[in-house]
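Structure first, then comments.
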Amino acid sequence: MKFDALLFDFDGVLIESEYLGNKHIADFLTKHGHPITPEESMTRFMGLAGRDFLNRVEEFVGGPLPDTWDEARMAENERVLLEGVQEVTGAIAFVRSLPVDLPKAVVSSSSTRWISTHLRHLGLEDAFGDHLYSGSEHVARGKPAPDLYLYGAAQLVVPIERCAILEDSPVGATGAVASGAHVIGLCAGSHCALGHDERLRKIGVDAIAHDFDEVRRILGLSPAE
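Counting in our numbering, the sequence shown runs from 136 upward without gaps.
Here it is as structure tokens:
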């Protein structure tokens with residue numbers, strides 16, 4: 136292992152939630168007179184959370200969101216929390232293959248409730264211990280600021296320069312690169328269309344992986360059995 140700790144983004148890295156979430160956003164906005172595809176939604180909004188996300192959506196629609204927005208989003212989130220989301224291919228096996236004593240954390244724009252619930256669905260509820268960190272709960276500035284990654288590394292008591300980060304979104308990759316860690320742009324999720332890897336390269340990630348076998352090679356881990 137070339138690094139002393141691993142920091143994982145969550146949506147689009149461990150679970151296949153990016154397309155589902157952005158399809159719901161696109162369907163809602165289109166229904167209310169602001170046509171947009173799920174792919175365009177991902178380009179505009181993926182990786183953002185909280186006020187930053189709402190500001191970007193309101194900028195797109197040119198004003199306040201419809202009154203039913205919060206209710207619709209909450210209902211969709213509760214449905215997905217109840218039903219679960221499938222893993223990004225290879226994610227569960229990869230996490231389970233890591234040394235138990237390797238410091239690791241989830242650093243996500245999503246809430247800790249979202250993270251912990253979906254880890255439970257995946258059977259990974261014990262994999263990260265209490266190291267589940269949210270950009271809207273644990274730091275003042277979420278992604279694309281580097282603060283969440285720096286916070287996660289500090290909680291693991293590992294210098295950020297000795298951490299590797301797995302990120303899939305341009306917003307997340309921007310913050311990860313700024314943190315000073317070694318950043319792997321993961322393009323394993325179904326939402327990663329042709330050219331996604333080039334977008335991440337232009338941001339300055341240190342490596343690109345199209346699946347978790349490539350992640351293992353980059354990290355210097357033995358091939359999966």
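We treat Cβ as the ideally placed atom computed from N, Cα and C, and that holds for glycine.
Beta bridge counterpart(s) of residue i as assigned by DSSP
i	result
Lys-166	DSSP, once it has assigned bridges, lists no residue as partnering Lys-166.
Val-127	Because the chain spans 136 through 360 in this model, residue 127 falls outside it and cannot be assessed.
Ser-243	Ser-269
Asp-146	Ile-150
Helix, strand or coil at residue i according to DSSP, with G and I counted as helix
i	result
Leu-141	strand
Asp-187	helix
Glu-222	strand
Met-181	coil
Ala-280	coil
Val-293	coil
For residue i, the first and last residue of its enclosing alpha helix (DSSP H)
i	result
Ala-344	Note, Ala-344: premise wrong, no alpha helix (DSSP H); beta strand (DSSP E) at 342-344.
Val-230	226-232
Rounded separation between residue i and residue j - CA only
i	j	result
Asp-303	Val-220	17 Å
Asp-205	Gly-355	44 Å
Gly-197	Pro-234	49 Å
Lys-278	Arg-214	25 Å
Arg-334	Val-340	10 Å
Ile-171	Phe-229	35 Å
Ser-314	Asp-139	16 Å
Val-241	His-169	34 Å
Gly-270	Leu-291	16 Å
Ile-250	Gly-330	28 Å
Original post:
Do the segment 265-278 and the segment 153-167 touch if we need at least three Cβ pairs shorter than 8 Å?
Top reply: no
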